[in-house]
Amino acid sequence: MEIILQPDATAATFLAARVIAREIRRKPNLVLGLATGRTMEAVYAHLARLHREEGLSFAACRTFNLDEYIGLSPDHPASYRQYMNRHLFSKVNLDPKKTHLPDGAAVDLEAECARYERCIMECGGIDLQLLGIGRAGHIGFNEPMSALRSRTRDKTLTRTTIEQNAAMFGGDANKVPRRAITMGVGTILESKRCLLLATGYEKAGIIAKALEGPITSRVTASALQLHPHCTVIVDNAAAATLEDTDYYRWIFQNEPEWQNF
Ligand code: GLP
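Residue 58 is where the sequence shown starts when you use the numbering used here, and the numbers rise one by one after that.
Printed below as a string of structure tokens:
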């Protein structure tokens, strides 16, 4: 795991966008795993700008989102499909047929989860998975106690997550669905590369647990410690309670891979 500290949220989200852009330029038909949440809005804005100003092309990319709320149809304004349309899909040259999210309105959820896993496999697996972290320590919607080998399935959301995401439902926690379909921790760990991004003081406590604490299903982001190629980008606020920041800075300054960034 490499941990990269950036001075603020703008620098952190821009670096994340440039990592994604570099992977797309290296492999134009990249299979890109996408995440939602407020943190990612700036990443998608940077990617849209790189598309407009530098000709970054998504034409051959395939995308898979981590999760979707159960009970929301793809045209519901608070669905993650609509979030993605608003923030990325409508702003770049992605082929809509190559963008995938679980169908939260599926009647047979088990069949939908199996279909999603199959679809990822048929595309050759995810090359780069972008991840945020919830206050409950989740990646995707893998809430505390999710099996670290779990696959795509339906999960009940914690109260913490429901409150955290209420803003997207007009601030009304009662409107937030109680359940979601999410890629499993095991599914995420099979991605060839993971990129975790966190910004702001409200993430500092959970980031310290996930990165420097023990690997535990209570904080599913901690499972990323097992991943052979995981890059974590945090701003100084989200890094506020990490212990080994001097070491992370030293590594970043001395890694040849990062010299061009
Ligand atoms: C939701 C998503 C997560 C994401 C989290 C962070 O819960 N399912 O994948 O990491 O939001 O949200 P934010 O960036 O708004 O803090």
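Glycine included, every Cβ here is placed at the ideal spot set by N, Cα and C.
Is residue i near residue j, with beta carbons less than 8 Å apart?
{"i": "threonine 320", "j": "cysteine 170", "result": "Examination of residue 320 is not possible in this model, given that the chain is present from 58 through 318 alone."}
{"i": "isoleucine 127", "j": "proline 234", "result": "yes"}
{"i": "proline 159", "j": "tyrosine 173", "result": "yes"}
{"i": "leucine 104", "j": "leucine 145", "result": "yes"}
{"i": "isoleucine 77", "j": "phenylalanine 309", "result": "no"}
{"i": "arginine 250", "j": "leucine 151", "result": "no"}
{"i": "alanine 224", "j": "lysine 260", "result": "no"}
{"i": "leucine 107", "j": "alanine 74", "result": "yes"}
Please name the residue, chosen from the options, that lies closest to residue i on a Cα-to-Cα basis.
{"i": "leucine 188", "options": "Gly94, Asp301, Gln310", "result": "Gly94"}
{"i": "threonine 298", "options": "Phe309, Gly262, Ala223", "result": "Gly262"}
{"i": "histidine 157", "options": "Asn142, Arg275, Glu314", "result": "Asn142"}
{"i": "valine 164", "options": "Glu98, Ser130, Cys180, Gly257", "result": "Ser130"}
{"i": "glycine 182", "options": "Thr96, Thr244, Arg275", "result": "Thr244"}
{"i": "valine 276", "options": "Arg79, Ala168, Phe198, Lys148", "result": "Phe198"}
{"i": "serine 248", "options": "Ile272, Arg175, His284, Asn311", "result": "His284"}
{"i": "glycine 137", "options": "Ala92, Leu166, Arg109", "result": "As written in the sequence, residue 137 is tyrosine, which differs from the glycine given in the question. When only C-alpha atoms are compared, the closest one is Ala92."}
{"i": "glycine 100", "options": "Arg79, Cys180, Thr67, Leu246", "result": "In the sequence on display, residue 100 carries valine and not glycine. When only C-alpha atoms are compared, the closest one is Thr67."}
{"i": "arginine 79", "options": "Tyr305, Ala102, Ile177, Glu111", "result": "Glu111"}
{"i": "isoleucine 272", "options": "Ala102, Ser203, Lys232", "result": "Ser203"}
{"i": "glutamate 98", "options": "Lys148, Arg109, Trp315", "result": "Lys148"}
{"i": "isoleucine 264", "options": "Thr302, Glu179, Ile177, Cys176", "result": "Thr302"}
{"i": "lysine 232", "options": "Trp315, Leu246, His133, Arg306", "result": "His133"}
Which same chain residues, not among the five before or five after residue i, have their C-beta less than 8 Å away from its C-beta?
{"i": "isoleucine 81", "result": "Leu87, Leu89, Leu113, Ser114, Phe115, Cys118"}
{"i": "leucine 72", "result": "Ile61, Gln63, Ile290, Phe318"}
{"i": "cysteine 180", "result": "Val88, Arg119, Phe121"}
{"i": "proline 153", "result": "Phe146"}
{"i": "aspartate 229", "result": "Ala223"}
Where DSSP assigns a beta bridge to residue i, which residues make up the other side?
{"i": "proline 160", "result": "What sits at residue 160 in the sequence shown is aspartate, not proline. Beta-bridge pairing links aspartate 160 to no other residue."}
{"i": "leucine 89", "result": "Thr120, Leu185"}
{"i": "isoleucine 290", "result": "Ile61, Leu254"}
{"i": "isoleucine 238", "result": "Glu125, Asp211"}
{"i": "threonine 273", "result": "Val276"}
Quick one: what's got a C-beta closer than 7 Å to residue i's C-beta in the same chain, skipping five residues either side?
{"i": "glycine 191", "result": "Thr218, Gln221"}
{"i": "glycine 227", "result": "none"}
{"i": "arginine 306", "result": "Leu62"}
Report all residues from its chain with a CB closer than 6 Å to the CB of residue i; omit the five preceding and five following residues, and keep chain order.
{"i": "threonine 319", "result": "The structure shown does not extend to residue 319, since the chain spans only 58 to 318, so no value can be given for it."}
{"i": "cysteine 287", "result": "Met58, Cys251, Leu281"}
{"i": "aspartate 65", "result": "Asp292"}
{"i": "alanine 162", "result": "Ser130"}
Rounded C-beta distance between residue i and residue j? I'm assuming under 8 Å.
{"i": "isoleucine 290", "j": "leucine 254", "result": "5 Å"}
{"i": "lysine 155", "j": "threonine 120", "result": "7 Å"}
{"i": "lysine 266", "j": "threonine 239", "result": "About 20 Å; that fails the 8 Å criterion."}
{"i": "glutamate 125", "j": "alanine 237", "result": "6 Å"}
{"i": "alanine 69", "j": "threonine 256", "result": "5 Å"}
{"i": "serine 207", "j": "glycine 241", "result": "3 Å"}
{"i": "glutamate 269", "j": "glutamate 300", "result": "6 Å"}
Please confirm whether any heavy atom of the ligand ADP lies closer than 7 Å to the CB of residue i.
{"i": "isoleucine 190", "result": "Among the ligands in the structure shown, the ligand ADP does not appear; only the ligand GLP can be found there."}
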